[in-house]
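Mapping of the sequence shown onto our numbering: position 65 corresponds to residue 551, and the numbering continues sequentially without gaps.
As structure tokens, the structure follows; a few thoughts come after it.
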Amino acid sequence: MATATEEQQLPQIKLYWLNHSRSQRIVWLLEELKAPYELEIFHRNKQTMLAPPELEKVHPLGKSPVISIAVPGGGEPIVLAESGLMTQYLCEHLPEGQRLVPARWKDGMEGRIGGETEGWLRYQYFLHYAEGSLMPILVTALVVSRLKSTQVPFLVRPITAVVANRIYSQFIFPNAQRHLEFIDGQLATSGGRYLCGDALSAADILMSFPLIAAKDRWDDMGSWEGGSWAKAHPRVAEYVERLEAEEGYKRSVEKVEAVDGKFSASL
Numbered sequence: 487m488a489t490a491t492e493e494q495q496l497p498q499i500k501l502y503w504l505n506h507s508r509s510q511r512i513v514w515l516l517e518e519l520k521a522p523y524e525l526e527i528f529h530r531n532k533q534t535m536l537a538p539p540e541l542e543k544v545h546p547l548g549k550s551p552v553i554s555i556a557v558p559g560g561g562e563p564i565v566l567a568e569s570g571l572m573t574q575y576l577c578e579h580l581p582e583g584q585r586l587v588p589a590r591w592k593d594g595m596e597g598r599i600g601g602e603t604e605g606w607l608r609y610q611y612f613l614h615y616a617e618g619s620l621m622p623i624l625v626t627a628l629v630v631s632r633l634k635s636t637q638v639p640f641l642v643r644p645i646t647a648v649v650a651n652r653i654y655s656q657f658i659f660p661n662a663q664r665h666l667e668f669i670d671g672q673l674a675t676s677g678g679r680y681l682c683g684d685a686l687s688a689a690d691i692l693m694s695f696p697l698i699a700a701k702d703r704w705d706d707m708g709s710w711e712g713g714s715w716a717k718a719h720p721r722v723a724e725y726v727e728r729l730e731a732e733e734g735y736k737r738s739v740e741k742v743e744a745v746d747g748k749f750s751a752s753l
């Protein structure tokens, strides 16, 4: 718990929030960190689903999430993009961050190669896995699904649908199966209710977006054992429910609903 002096030194943070984006998990992270923050809301173009050009004024890539951190004592604010970097930076600098990161070293092994705890190594891995491995297959599935949608002219849609179904059967669904099997196995061997043990970590928060956003999409990717992804991987389904039941997650949803009027956890 931060002392009164530490609380006075907490920086003001602005999160540039975009609907249907990864930015929601940063709201959750900020809630867990008990950090003072504000949201600046942006909306995607309803036709193209692209982010508005105004975001390019915040960061050259025009993506979200991006945070701006006021430097205590003055100076130019620190602008950070990429969820993993934001998570590491905030957890290292804010007092509550220690609670969200597993202990790094085994007793007596400090600073030595191989001295890291399994929980910390899992934490580091999932910070990168969420974006580097899991999200690409979900984004690919989202893009390919549009080949079967009304966005494609009616006369050519039967052709593009055949192409889309082939991509799903040969690439997307096998990868979806592999990822859920992997996550299932990680949960089974974590030694607790979360990916890194028995305590919620910032890595779980980063994993929340792809898993919550995809829970209504997995079944569209192929035929799962038992008839659904949740029956094929009940351990993962229970984990997703557990994340959604976290008080910090629920507060993050309420925060967005209060400033934007609605919230949808979707890609």
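Note that the Cβ used here is the ideal one computed from N, Cα and C, for glycine as well.
Among the residues of its own chain, which have a CB less than 8 Å from the CB of residue 603, if the five just before and after it don't count?
Along the sequence shown, read from residue 1 onward, the residue named residue 603 stands at position 117. Taken in chain order, the residues that qualify are 588, 589, 590, 591, 592.
Span of the alpha helix (DSSP H) around residue 625
Within the sequence shown, the letter at position 139 stands for residue 625. Start and end: 621 to 631.
Any idea if residue 674 is buried or exposed, counting beta-carbon neighbours within 10 angstroms, 16 or more meaning buried?
As a working note, residue 674 is residue 188 in the sequence shown. Counting Cβ neighbours within 10 Å, residue 674 comes out exposed, since fewer than 16 surround it.
Helix or strand or just coil, what does DSSP make of residue 710?
The residue given as residue 710 occupies position 224 in the sequence shown. Residue 710: coil per DSSP, three-state reduction.
Under the three-state DSSP convention, the category residue 681 falls into:
For this step, residue 681 is matched to residue 195 along the sequence shown. Residue 681 falls in the coil class under three-state DSSP.
Three CB pairs or more closer than 8 Å across the stretch 673 to 689 and the stretch 573 to 586
yes
DSSP three-state call for residue 668: helix, strand or coil?
Position 182 of the sequence shown holds residue 668. Note: residue 668 maps to helix in three-state DSSP.
Contact under 8 Å by Cβ, residue 567 with residue 536:
As a position in the sequence shown, residue 567 is number 81, starting the count at 1. As a position in the sequence shown, residue 536 is number 50, starting the count at 1. No. Outside cutoff.
Can we say the stretch 739 to 751 touches the stretch 509 to 519, given the rule of at least three CB pairs closer than 8 Å?
yes
Within 10 Å of its beta-carbon, does residue 491 have 16 or more other beta-carbons around it, so buried, or fewer, so exposed?
Taking the sequence shown and counting its residues from 1, the one referred to as residue 491 is at position 5. Because the pLDDT at residue 491 is just 46, under 50, the model does not fix this residue reliably, and the value given afterwards should be weighed accordingly. Label assigned to residue 491: exposed.
Runs of alpha helix (DSSP H) lying entirely within the stretch 578 to 652, each at least 4 residues, in chain order
604 to 615, 621 to 631
Check residue 751 in the structure and name its three-state DSSP category.
The sequence position of residue 751 within the sequence shown is 265, counting from 1. Coil.
CA-CA distance, residue 704 and residue 527?
Looking up residue 704 in the sequence shown gives position 218. Looking up residue 527 in the sequence shown gives position 41. Approximately 29 Å, taken between the alpha carbons.
Going by DSSP in three states, residue 534 sits in which element: helix, strand or coil?
Here the question's residue 534 lines up with position 48 in the sequence shown. Reduced to three states, the DSSP call for residue 534 is coil.
Tell me whether the beta-carbon of residue 513 lies closer than 8 Å to the beta-carbon of residue 504.
The sequence position of residue 513 within the sequence shown is 27, counting from 1. The sequence position of residue 504 within the sequence shown is 18, counting from 1. No, these two residues do not count as a Cβ contact at 8 Å.
For the stretch 607 to 623 against the stretch 657 to 666, are there 3 or more C-beta pairs whose distance is under 8 Å?
yes
DSSP-derived helix/strand/coil call for residue 740
The residue you call residue 740 lines up with position 254 of the sequence shown. Note: residue 740 maps to helix in three-state DSSP.
Scan the stretch 490 to 514 and note each continuous alpha helix (DSSP H) run of 4 residues or more that stays entirely inside, going in chain order.
490 to 495
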